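Protein sequences, first through last, are from chains Z and W. According to the UniProt record's numbering, the residues represented by the first sequence are 1 to 365, in order. According to the UniProt record's numbering, the residues represented by the second sequence are 1 to 365, in order. For every residue, glycine included, the Cβ atom is placed at its ideal position computed from N, Cα and C. Fair warning: this is a prediction, and the values are worked out from it, not measured in the lab.
There are 2 protein chains.
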Amino acid sequence: MTTMKRRNFLKGAGLAAAATSVAAPAIAQSSPEVRWRLTSSFPKSLDTIFGTAQTFAKYMADATDGKFQIQVFAPGEIVGGLQAMDAVENGSVECAHTPTYYYIGREPALGVATGLPFSLNARQSHSWWHFAGGKEIINEILGKYNCTSLVCGNSGAQMGGFFRKEINTVDDLKGLKFRIGGLGGQVLAKLGVVPQQVAPGDVYPALERGTLDAAEFVGPYDDEKLGFLKVAKYYYAPGFWEGGAMLHLVINKQKWDDLPKHYQAIMSNAAEAANNWMLAKYDAVNGQALRRMVGAGAELRTFSQPIMEASLKAANELYEELSAKNANFKKAYDSMVAYRADVLPWWQLNEYAFDTFMIRTRGRA
Amino acid sequence: MTTMKRRNFLKGAGLAAAATSVAAPAIAQSSPEVRWRLTSSFPKSLDTIFGTAQTFAKYMADATDGKFQIQVFAPGEIVGGLQAMDAVENGSVECAHTPTYYYIGREPALGVATGLPFSLNARQSHSWWHFAGGKEIINEILGKYNCTSLVCGNSGAQMGGFFRKEINTVDDLKGLKFRIGGLGGQVLAKLGVVPQQVAPGDVYPALERGTLDAAEFVGPYDDEKLGFLKVAKYYYAPGFWEGGAMLHLVINKQKWDDLPKHYQAIMSNAAEAANNWMLAKYDAVNGQALRRMVGAGAELRTFSQPIMEASLKAANELYEELSAKNANFKKAYDSMVAYRADVLPWWQLNEYAFDTFMIRTRGRA
């Protein structure tokens, strides 16, 4: 299950080259057979997110004529979903498909890699990653953990989740038992929310019993499958804590460095293509799922401006605290903030003006 | 300069295989050396758009260890920018990087492939292409021209161009000599605009003399280089005729079919990666260019709602006319409209709500 060592392979190929004059062995040298294992942080039932890793693996096999095989494992088959990066770090697997914000306990800057509450949308995130310092900063930090990464998937803006009761004021958040993780949970905790970690299978009964007041997952297509609508009918937008969550293929640094350069190139392109597959699929299925859920009784709500404003203030406080005590976080955060300051005025002038008109006239266009 | 014929190559490789027992020749069979020519419709000076073809070619070479070489030509080196698809059709070149709307005179449906006025933004376009029928419909149509295609680039929403005078009412459009092409020009012609085809090098003097009243190109990063600001200071948003223009790699169908399957897979991924490179780069450089142009005296304006509404009405009339007389256009257009009806309510609820809050609070986030 490990990468074929290139050195050894070249040695064998050298012998073959001596036996024949065709150019073939030179080609064989550079395209070894490779088998990797990938552990995903997402359950198989979420076919878009788990499917992104499968799609990536298929792209790798197809592009190498079957020579680079990646076997995809669900959480629990090798390690749990929250231990995916650790398994890459210690070499148990070659790579993982995971949101790096799962590891903010070890390294807060990895929250910036996925996307912070109130940071960037999907397109802006991708641009920051490739053209505004994101990739360099995050992969330098990941190097400390014997890892590197490629962006490989984006959810788009996520929904705010299902709530048993309407939430109108900031006061309504006090004591609210909300299944929400990561920095989004830390932001809302400053406003009195009690963030809960509950395994997916346990959320439904917890909402039914009232042990939980609310739960957030991803967006309509995934949320519909979970069936929470039956016990918590208020469906809130937007999930301001994940405006465009980037997922990463986290790769063991040594295994990456051992790959022939053109396998690295194939993998970089396959990750970009799988990234687009995920976002494009969500953008094609979420609208229909939302309509079905509304038909089934979902009451759509948007968080009130006072709740959004108070959350923004809490987020900014949290980022100040984290920046003060963690230089890596500060470096990644400052880079994102500088990018955002450049992009938003331009977005407002043009991209947003186009979207606004299309939304305002929908049904007439 | 043509693809190595796979049949012939296999014949030669079969002889080599008989001479040795190593697996190498089997590998060599499937990874032939290939040299293609690509003609771009964009001048070298537009380093992001022309650069997308160069980036694609580099990705192909890197992913094949240099075996698949694509030489990129600027307009005029082989054929003119508007003849790129024709050159692919007749086999003068293997592929072209071009907006398919250049060929609406031959096939109006190709306007839908790039994106119609008031159709979809960049992300929605990509989703429609891959998951809502776009790719299948357009490539079936391109088959008639001995071509197939991959999406390979997106501009994001384009700007509305430079105007010598402010345009406030629909009446102000009457007689306006505007350098604008394609279906955007046809839409505005219904409101009295006189669309002009002017080569890039001739636009500046035409604006200075008053032979032109206005000219549109792409967005701030490209527009800044053209220097039109000195003779036409009103810079309008949004370019509602190109809300997220998709560029295509148009490929000779025979050459595509002749490629080994894994070269096709490598090319599909490289095109997706180059697509992201272009959009991410624009999203990183347009904001800064806009700020510089404002510093240099650009007066930002947005088209008034009556102008936008009248343009939408004119666009819908045009689409009705085209649908009535062209079945291919109708098929592609109806597919886009069905996708848009699904995606926009969802976009409004969530993605747009996130963007709205981020824009409203910018400077405070």
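Between R179 of chain Z and L212 of chain Z, the gap from beta carbon to beta carbon is short of 8 angstroms.
If you look at I251 of chain Z, you'll find it in the beta strand (DSSP E) that goes M246 to N252. Against chain W, a Cβ distance below 7 angstroms from I266 of chain Z picks out A63 and I266.
Taking a cut-off of 8 angstroms for Cβ pairs, the segment 112-125 of chain Z and the segment 329-345 of chain Z touch, as three or more such pairs fall below it. Take A189 of chain Z, set aside five residues on each side of it, and the residues of its chain with a beta-carbon closer than 7 angstroms to its own are P195, in chain order.
With the rule of 3 Cβ pairs closer than 8 angstroms, the segment 77-87 of chain W does not count as touching the segment 62-69 of chain W. A365 of chain Z is not a Cβ neighbour of E351 of chain W, given a cutoff of 8 angstroms. Out of W:P108, W:M246 and W:T48, the CA that lies nearest to the CA of A327 of chain W is found in W:P108. For N154 of chain Z, DSSP records a beta bridge to Z:M246. Excluding residues up to 5 positions away in sequence, I49, A122, V218, G219, E242, G244, A245, L247, M278, L279 and Y282 lie with their Cβ nearer than 8 angstroms to the Cβ of S155 of chain W in the same chain. Under DSSP, the beta-bridge partners assigned to E299 of chain W are W:Y234. Pairing I251 of chain Z with Y145 of chain Z, the inter-Cα distance amounts to about 10 angstroms. P345 of chain W: member of the alpha helix (DSSP H) spanning A327 to W346, first to last residue. For K281 of chain W, the residues of chain Z that pass the 8 angstroms Cβ criterion are S127, H130 and F131, in the order they occur in the chain.
According to the DSSP assignment, K135 of chain Z belongs to the alpha helix (DSSP H) that extends over G134 to G143. Close to A273 of chain Z, with beta-carbon spacing below 8 angstroms, are these residues of chain W in chain order: S268, N269, E272 and A273. Inter-residue distance for L312 of chain Z and P117 of chain Z is about 8 angstroms (C-alpha atoms, whole angstroms). For the segment 139-160 of chain W, the beta-carbon criterion of a distance under 7 angstroms to any beta-carbon of chain Z is satisfied by G156, A157 and M159. Closest option to Y101 of chain Z, judged by alpha-carbon separation, among Z:K325, Z:G81 and Z:E208: Z:G81. Of all C-beta pairs linking the segment 156-176 of chain W to the segment 254-270 of chain W, fewer than three are shorter than 8 angstroms, placing the two stretches out of contact.
At least one CB atom of chain Z sits nearer than 8 angstroms to the CB of H262 of chain W. Rounded to whole angstroms, the separation of the alpha carbons of E136 of chain Z and A332 of chain Z is 10 angstroms.
Interface annotation, F217 of chain Z: not in contact with chain W, CB-CB separation never under 8 angstroms. At least 8 angstroms separates the CB of F228 of chain Z from every CB of chain W. A96 of chain W carries a strand assignment under DSSP once its states are collapsed to helix, strand and coil. Per the C-alpha coordinates, the member of W:R362, W:V203, W:A199 and W:Q305 positioned closest to F163 of chain W is W:V203. Taking the Cα positions, F329 of chain W is about 6 angstroms away from S323 of chain W. Sequence-ordered contacts of the segment 335-355 of chain W with chain Z read V337, Y339, R340, A341, D342, V343, L344, P345, W346, W347, Q348, L349, N350, E351, Y352, A353, F354 and D355 [C-beta pairs closer than 9 angstroms]. When secondary structure is reduced to three states using DSSP, F240 of chain W falls in the coil class, being assigned neither helix nor strand.
For G134 of chain W, not one C-beta of chain Z is nearer than 8 angstroms to its own C-beta. Put simply, of Z:P75, Z:A296 and Z:Y339 the residue whose alpha carbon is nearest the alpha carbon of A199 of chain Z is Z:P75. Where T39 of chain W is concerned, the enclosing beta strand (DSSP E) starts and stops at V34 to S40. One thing to note: A215 of chain Z has its Cβ no nearer than 8 angstroms to the Cβ of T302 of chain Z. Residues of the segment 238-256 of chain Z with a Cβ closer than 7 angstroms to any Cβ of chain W, in chain order: P238, F240 and G243. For T148 of chain Z, the closest C-alpha among the options Z:G175, Z:G161, Z:G182 and Z:G91 is that of Z:G91.
Taking G182 of chain Z as reference, the option from Z:Y103, Z:L259 and Z:L150 with the minimal CA-CA separation is Z:Y103.
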